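Heads up, the thing below is written out as structure tokens.
There are 2 protein chains.
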Amino acid sequence: MLMQIRLTVAYDGGAFYGFQRQREEPTVQSVLEAALSELNRAPTEVRGAGRTDSGVHAREQVVCFFPSLPIPEERWPFAVNQRLPAELVVRKADEVSDHFDPVRQAKWKHYRYVILQDRVPSPFTRRFVWHVRDHLDLCEMRKAGKRMLGAQDFAAFQVAGRPVRHTVRNLRLLWVRRKGKYLLIDLVADGFLYKMARSIVGTLVEVGRGAILETDVQRILREKDRSRAGPTAPAQGLFLMRVHY
Amino acid sequence: MLMQIRLTVAYDGGAFYGFQRQREEPTVQSVLEAALSELNRAPTEVRGAGRTDSGVHAREQVVCFFPSLPIPEERWPFAVNQRLPAELVVRKADEVSDHFDPVRQAKWKHYRYVILQDRVPSPFTRRFVWHVRDHLDLCEMRKAGKRMLGAQDFAAFQVAGRPVRHTVRNLRLLWVRRKGKYLLIDLVADGFLYKMARSIVGTLVEVGRGAILETDVQRILREKDRSRAGPTAPAQGLFLMRVHY
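Top line first, the protein sequences correspond to chains B and G. Add 63 to the 1-based position in the first sequence for my numbering, that's all there is to it. Add 63 to the 1-based position in the second sequence for my numbering, that's all there is to it.
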């Protein structure tokens with residue numbers, strides 16, 4: 064049975080120490096592997112499309128594994144969900160070829176950052192937003208965002224910790240909009256450097272506050288100096304929305 | 064200074080053992096009183112408009128207290144919020160006369176119940192919804208709701224535990240509607256018996272499933288028999304939305 068099962072999973076990142084397996088702490092990968100190993104009655108490894116950091120959520124993360132039981136694809140979500148904590152949910156499952164690689168075949172990744180703009184924080188969305196009281200100038204944020212579009216070197220928008228060969232990424236879309244009391248920032252790119260989405264958001268917020276000029280963005284990109292960009296926005300406002308294949 | 068401060072507070076009921084002060088467990092009232100007593104530098108009691116049960120949330124609960132510090136009304140939210148956990152937030156404050164009684168002067172209370180209708184639960188809204196997988200017939204639920212409107216004896220829709228003199232309440236509005244994957248049930252009445260909102264919702268869901276006929280509602284009301292009505296819906300889907308004065 065050389066067939067892979069591809070699961071689409073959603074999780075509240077606040078309940079896990081990131082996606083990637085660690086020795087002690089519960090991570091999305093280790094909790095999923097424990098549930099699948101129990102079901103499969105054999106040690107089962109999963110590969111995920113993206114390693115979300117500690118505290119970062121996912122609406123549609125993609126993970127693959129090789130099943131050792133002939134369970135029909137539509138039965139997997141229910142079977143796995145029964146063995147998962149409420150913070151992690153399998154939304155759907157489908158069979159894919161054994162050649163399918165969730166990392167290499169990912170064409171685009173879509174992230175969304177949610178900012179709450181209100182006088183007071185909210186007890187209901189507190190786990191899923193960054194609360195920013197200050198007024199933010201959307202117009203300036205959008206201008207700054209435009210300067211980040213396209214294939215560029217995002218070295219100034221990564222955080223040290225995960226060495227990579229190339230720091231050029233293609234930012235295809237950056238959309239800043241207001242929805243009620245929320246400010247949504249959608250980012251689509253062919254890949255993201257370590258904490259790149261949160262560095263971009265942190266910089267856009269500084270632009271919105273007037274602390275960084277939108278015209279400075281080009282210089283920050285060119286000079287590749289992390290210290291010139293804004294701070295890294297907190298993890299709890301970030302969602303991996305979708306991986307496009 | 065015989066002036067009361069009226070606070071409008073929101074809370075995630077999942078973090079508290081109900082509203083009302085208890086000896087050991089943290090309740091909304093006890094946590095608020097601890098924060099206010101610290102600020103006031105004197106033991107401070109609060110009176111709330113409604114005693115929400117353990118697990119029930121509030122968007123705009125009203126609580127009053129007598130301040131012993133001359134803090135201007137607009138400064139209270141920030142001062143109190145600094146001493147509160149993230150699950151409990153003061154949204155606004157205003158000065159009211161010392162005669163104001165948040166319980167007796169309440170004219171209407173508005174509750175909302177939120178049901179998630181989806182194949183799988185959601186890791187993001189799990190603390191704030193009741194997940195019902197079965198298809199529910201909205202049309203039948205609305206017909207049943209209509210039969211509950213007006214001043215009626217709701218003895219069949221209360222749970223034993225808090226003896227009251229009269230069991231007649233005036234249900235002014237009962238609105239059932241779909242919003243995306245959610246089913247919202249809004250209830251407005253001059254008062255609610257113990258677990259009345261959740262008993263009504265539990266019954267409406269049974270009607271939606273076809274397990275109780277909408278035409279049976281009148282008989283259930285007339286016979287005042289709790290066992291004929293549906294089960295009590297779980298606490299985590301219920302929100303005290305607003306108290307009208």
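Beta carbons: idealized from backbone N, C-alpha and C, even for Gly. Quantities reported herein were computed from a predicted structural model and do not represent experimental measurements.
Which of helix, strand or coil DSSP assigns to residue i
i: G/ILE283; result: helix
i: G/THR115; result: coil
i: G/ALA156; result: strand
i: B/LYS209; result: helix
i: G/ILE263; result: helix
i: B/LEU303; result: strand
i: B/ARG190; result: coil
i: G/GLN92; result: helix
i: G/VAL166; result: coil
i: B/VAL231; result: strand
i: B/LEU151; result: strand
i: B/ALA142; result: helix
i: B/ALA97; result: helix
i: B/ALA105; result: coil
i: B/SER290; result: helix
i: B/VAL268; result: helix
i: B/LEU201; result: helix
i: G/PRO278; result: Inspection of the sequence shows that residue 278 of chain G is occupied by Thr rather than by Pro. Helix, per DSSP.
i: B/GLU87; result: coil
Cβ-Cβ distance between residue i and residue j below 8 Å
i: G/PRO186; j: B/ALA149; result: yes
i: B/LEU237; j: B/GLY208; result: yes
i: B/ALA156; j: B/PRO140; result: yes
i: G/VAL306; j: G/GLY113; result: yes
i: G/GLY265; j: G/GLY293; result: yes
i: B/VAL143; j: B/LEU102; result: yes
i: B/ARG154; j: B/GLU123; result: yes
i: G/ARG110; j: G/CYS127; result: yes
i: B/THR90; j: B/VAL125; result: no
i: G/GLY254; j: G/GLU203; result: no
i: B/LYS328; j: B/TYR257; result: Residue 328 of chain B lies beyond the residue range present for chain B, which begins at 64 and ends at 308; the question has no answer from this structure.
i: G/ASP75; j: G/HIS173; result: no
i: B/ALA121; j: B/ALA78; result: no
i: B/ARG289; j: B/ALA219; result: yes
Straight-line Cα distance separating residue j from residue i
i: G/ARG177; j: B/ASP279; result: According to the sequence shown, residue 177 of chain G is Val rather than Arg. Those two C-alpha atoms are separated by around 46 Å.
i: B/ILE68; j: G/PHE302; result: 40 Å
i: B/ILE275; j: B/ARG291; result: 9 Å
i: G/LYS244; j: G/ASP116; result: 26 Å
i: G/LEU147; j: B/GLN281; result: 42 Å
i: B/ARG261; j: B/THR295; result: 5 Å
i: B/THR230; j: G/PRO184; result: 38 Å
i: G/PHE82; j: B/TRP193; result: 28 Å
i: G/GLU277; j: G/LYS287; result: 16 Å
i: B/VAL94; j: B/ASN233; result: 32 Å
i: G/GLN85; j: G/LYS242; result: 37 Å
i: B/PHE191; j: B/GLY300; result: 5 Å
i: B/VAL195; j: B/PRO135; result: 46 Å
i: G/GLN221; j: G/MET211; result: 14 Å
i: G/GLN145; j: G/PHE163; result: 26 Å
i: G/PRO226; j: G/PRO130; result: 33 Å
i: G/ALA97; j: B/ARG189; result: 22 Å
i: B/GLU269; j: B/TYR80; result: 28 Å
i: G/ASP200; j: G/MET259; result: 22 Å
i: B/THR107; j: B/ILE263; result: 36 Å
i: B/LEU99; j: B/GLY273; result: 49 Å
i: G/ASP161; j: G/GLU87; result: 30 Å
i: B/GLN92; j: G/ARG182; result: 23 Å
i: G/PRO165; j: B/ARG235; result: 54 Å
i: B/ARG228; j: B/HIS198; result: 38 Å
Bridge-paired residues (DSSP) for residue i
i: B/VAL239; result: B/ILE248
i: B/LEU70; result: B/VAL126 and B/ALA156
i: G/VAL177; result: G/LEU247
i: G/ARG110; result: G/CYS127
i: B/ASP75; result: B/ASP75 pairs with nothing; no bridge assigned.
i: G/ASP216; result: G/VAL231
i: G/HIS120; result: G/PHE302
i: G/LYS172; result: G/ALA252 and G/VAL306
Rounded distance between the beta-carbons of residue j and residue i, thought under 8 Å
i: G/ARG205; j: G/VAL251; result: Actually they are not in contact, since the Cβ atoms of G/ARG205 and G/VAL251 sit about 16 Å apart, beyond 8 Å.
i: G/MET304; j: G/ARG175; result: 5 Å
i: B/ASP216; j: B/LEU151; result: Not confirmed; about 35 Å, so no contact.
i: G/PHE246; j: G/GLN180; result: Residue identity differs from the one stated: residue 246 of chain G is Leu in this sequence, not Phe. Right, their Cβ atoms sit about 6 Å apart.
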